[in-house]
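Worksheet: one structure, shown below.
There are 2 protein chains.
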Amino acid sequence: MFQPVKGTRDYLPDEMRRRNWVLDRIRRVFECYGFEPLGTPALESWEMLKIKSGEDIIDQIYYFKDKSERELGLRFEWTASLCRVVASHRELPMPLKRYAIGPVWRYEHPSEKRLREFWQADADIVGVGEAIADAEVLAVAVDGLKQIGLKDFKIRVNDRRILEALLNIADMPLGRSLEIFRAVDKIQKIGVEGVREELKRLGSSEASINRLLELIKRRGRPDEVLVDLERLVAGSPVGLIGLNFLKEIYKYSKLFGIDEYMQIDLSLARGLDYYTGPVFEIYAGGFEDYGSIAGGGRYDDLIKLFGGDQTPATGVSLGIERILLLMEEMGMLRNLEFGSRVYVAPSSPRMRPKAIEVAQLLRKEGFETDMDLMNRSLTKQLEHADRKGFSWVVIVGEREMAEGRVTLRCMRTGEQRSVELVELPGHLRPHSSSSLNFNSAMV
Amino acid sequence: MFQPVKGTRDYLPDEMRRRNWVLDRIRRVFECYGFEPLGTPALESWEMLKIKSGEDIIDQIYYFKDKSERELGLRFEWTASLCRVVASHRELPMPLKRYAIGPVWRYEHPSEKRLREFWQADADIVGVGEAIADAEVLAVAVDGLKQIGLKDFKIRVNDRRILEALLNIADMPLGRSLEIFRAVDKIQKIGVEGVREELKRLGSSEASINRLLELIKRRGRPDEVLVDLERLVAGSPVGLIGLNFLKEIYKYSKLFGIDEYMQIDLSLARGLDYYTGPVFEIYAGGFEDYGSIAGGGRYDDLIKLFGGDQTPATGVSLGIERILLLMEEMGMLRNLEFGSRVYVAPSSPRMRPKAIEVAQLLRKEGFETDMDLMNRSLTKQLEHADRKGFSWVVIVGEREMAEGRVTLRCMRTGEQRSVELVELPGHLRPHSSSSLNFNSAMV
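Protein chains in written order, with the numbering used here: chain B, 1 to 443; chain L, 1001 to 1443.
In structure tokens form, the structure reads like this:
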């Protein structure tokens, strides 16, 4: 028997339906915020993928040669492809607000929380250098998470320029800041002592390391931490730029209605090399130990690296598998409301043609409708419909049908009644809610 | 500047929106027919992919080894993964009606019509050996195509068992039928003379080839061709089974309302090796030369080959790029109706906070809403909104806002009027139609 490849998995229908429910809602929120879809291939050239992807990640890219020895790889995130498109399509009106939802691939040590093929839902704003864009990508992420039922959040924010200033204050070796950021970024994974070891290996002195670890400990509400920072980075021009940018993000976060979730976290560095300013991670409130469910930051230099004009950009990425696993742990996936589904059951094989007719009628009216294809007995059909979670069964009987009527059975209550066929859609409609209709759903 | 890898392409927002419109509608029709989503990874083991994928296709699979020398490939179609899941999940209730929509990869000679990364939308019924299932997958495909605006179709149908009988009648070499089917399948691509050459190479005599090419010429309405076939395959038990199965499909096609499109085409063989009975291809009526836009067939032995129980199965696959390209050629993509999108324009940078407030209000009400992020002048904002195809602009002016009012501008007519902010959603709603609400859309 064949299994899915290590680090990948299958989603059986019940699970996949929940997954699609989550993906549809996130996408709908992206669209409500004016983000537009952009399609880029999963296969990208190796030459492009390796640009600034960072040492840690370059080892994780699925790399191979095609039959004409072309060096290829599978995308490991969405941002590089976005930058490639922006760089080569200068005709695109700015700002470009684009979303992308789909699989990415990384050769990692697989675990329940970490797959080798996993989905990211990204929203990015290209062309806006101001903090309003960073606040908006945070707002769209939080509203997406709210729309799938999460209620409380922690948005941890830092700025690479503040981190630079702190390295300076701690007298850390210049020119190795990317490596230091990567070491600091592992603090939740490997602990303070682990980070200390890594920093030692990078050639920092014990005193510098102690000082840095002390500095980055600070985490809390923006109103408090930003005031402290004012004193701390007073002597650092780059640090002040970072500080002012965080202040602006915080200001806009109030206008977008997400300020209550904001936290400054000076230990936050993010693994990717390309960030130039603010970086952020979103956690479910009360579930911070679970790890972040979304993250992102600003990458103002990346599009130029891909051959484009210098173009500011910022974005956020939602980790779909992590979100689903968390929702599962929180018991949120059990009671999702789907649109009602109808099962058409002929009372005997002879009624099959009439049952097809009824099913086609309901399908044309937009109802999710299945019917017996196996000439099963009515009892077996009802068992099947129950097991598969249908809301309604329409029983098509011979005598009833001759009078233009069918029996409608509510599977939840077991109640049955005879209804006129022409009125059947009307009977089903009040209870049916299209799972894809989000008008007035964002409450 | 980096380009997409040869045989792949990008979809800019306007094109991607149309693409999603098509994908959403097809998916909705799949769901209306009771098909359920199943998720399987793009990465599959090479061992699994090469099972019965057929010589021609095995060369087209993207094959590589991961960092632990595991032999992998990218899926080249959806069916193998479906069979893997069915074989290893015997607990799944039958019948399983599953759909899958997403990219597949084949290393082919790329052209506008043939990409190396392309999307297939599949609907399959597992567990039903009767022709009602074949008719239903044809019906769901045709209704999916109708739902995206196509109006007329040709469904060409044949049966491998009839082809077997014809090979017998023509005295073709036994045991090479798969290779002969593959040769015959190329008739549209390489013409009758090309097929003749291939058949010669397979060791058939001139007389046999002439006879076979004469036999498979027959194509027409089922009522006519099925009668002819009755005489032709009268002496072949396997041919008669095939013939009776086609009769059944035709009978059910009437109940599903797709009989007017049915055609029997004795030259239809389909490239994939695994078909065991009926095979079919769907063409847009009047555009048969364009090539098929969907195809499929029955594969009753495949799940057993994957280690499962002997389980009948049939399915159809829609070629998304081909469908989109055809719609483009037919001029159908220009006038798609999307839900209306709203642009919020502050009259001056000072009104930005109020503009954010208005945008957030509309987003919560479910409207696709964008706003100025670049402090552009009102004129420039209107230009941008026009260029990006927004239906409405809400102008947030200082004096008006003080009275709780905004200006609503219809971008189609240029009309403007002052409305109360609390009534703004009501003004937008009658014109807005959620592009994802398909209730009562299947007409």
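Here a beta-carbon is modelled for each residue, glycine too, at the ideal position from N, C-alpha and C.
Please decide whether residue i counts as near chain L, where near means a Cβ-Cβ distance under 7 Å.
i, result
"B/Thr379", "no"
"B/Pro93", "yes"
"B/Ser348", "no"
"B/Lys67", "yes"
"B/Ser88", "yes"
"B/Glu490", "Absent from the structure is residue 490 of chain B, since the part of chain B shown begins at 1 and ends at 443."
"B/Phe280", "no"
Got a sec: is the Cβ-Cβ distance from residue i to anything in chain B below 7 Å?
i, result
"L/Asn1020", "yes"
"L/Val1393", "no"
"L/Ala1402", "no"
"L/Leu1043", "yes"
"L/Glu1031", "yes"
"L/Glu1328", "no"
"L/Leu1082", "no"
"L/Asp1152", "no"
"L/Gly1039", "yes"
"L/Ile1058", "no"
"L/Ile1264", "no"
May I have the straight-line CA-CA distance separating residue i from residue j, to the nearest angstrom?
i, j, result
"L/Gly1149", "L/Leu1324", "11 Å"
"B/Glu71", "B/Lys50", "11 Å"
"L/Ala1170", "B/Met411", "57 Å"
"B/Lys254", "B/Glu260", "8 Å"
"L/Leu1166", "L/Glu1224", "18 Å"
"B/Phe153", "B/Met262", "8 Å"
"L/Phe1002", "B/Met371", "51 Å"
"L/Leu1243", "L/Arg1363", "57 Å"
"L/Ile1264", "B/Met351", "28 Å"
"L/Gly1331", "B/Val5", "43 Å"
"B/Phe118", "B/Gly319", "8 Å"
Where does residue i land, buried or exposed, given buried means 16+ other C-beta within 10 angstroms?
i, result
"B/Asn210", "exposed"
"B/Thr369", "buried"
"B/Asn158", "buried"
"L/Ser1292", "buried"
"L/Lys1151", "exposed"
"L/His1384", "buried"
"B/Pro353", "exposed"
"B/Leu424", "buried"
"L/Asn1020", "buried"
"L/Ala1121", "buried"
"B/Gly414", "exposed"
"L/Thr1040", "buried"
"L/Leu1174", "exposed"
"B/Asp185", "buried"
"B/Val316", "buried"
"B/Pro312", "buried"
Just checking residue i against the ligand NAP - is the residue's beta carbon closer than 6 Å to any of the ligand's heavy atoms?
i, result
"B/Leu325", "Ligands in the displayed structure: none, and consequently the ligand NAP is not present."
Residue i by DSSP, collapsed to three states: which one?
i, result
"B/Thr8", "coil"
"L/Leu1072", "strand"
"L/Glu1337", "coil"
"L/Thr1407", "strand"
"B/Ile320", "helix"
"L/Gln1147", "helix"
"B/Val128", "coil"
"B/Leu96", "strand"
"B/Met16", "helix"
"B/Leu272", "coil"
"B/Met1", "coil"
"L/Arg1028", "helix"
"B/Pro444", "Any question about residue 444 of chain B goes unanswered here, given that chain B covers just 1 to 443."
"L/Pro1103", "strand"
"B/Lys65", "strand"
"L/Gly1315", "strand"
"L/Trp1078", "coil"
"B/Thr413", "coil"
(message) Quick test of the definition: if touching needs 3 or more C-beta pairs under 8 Å, does the segment 1075-1090 of chain L touch the segment 1300-1314 of chain L?
(response) yes
(message) Any contact between the segment 388-399 of chain B and the segment 1100-1109 of chain L? By contact I mean 3 or more CB pairs, one from each, below 8 Å.
(response) no
(message) I want to know whether the segment 1026-1033 of chain L touches the segment 1128-1145 of chain L - three or more CB-CB distances under 8 Å.
(response) yes
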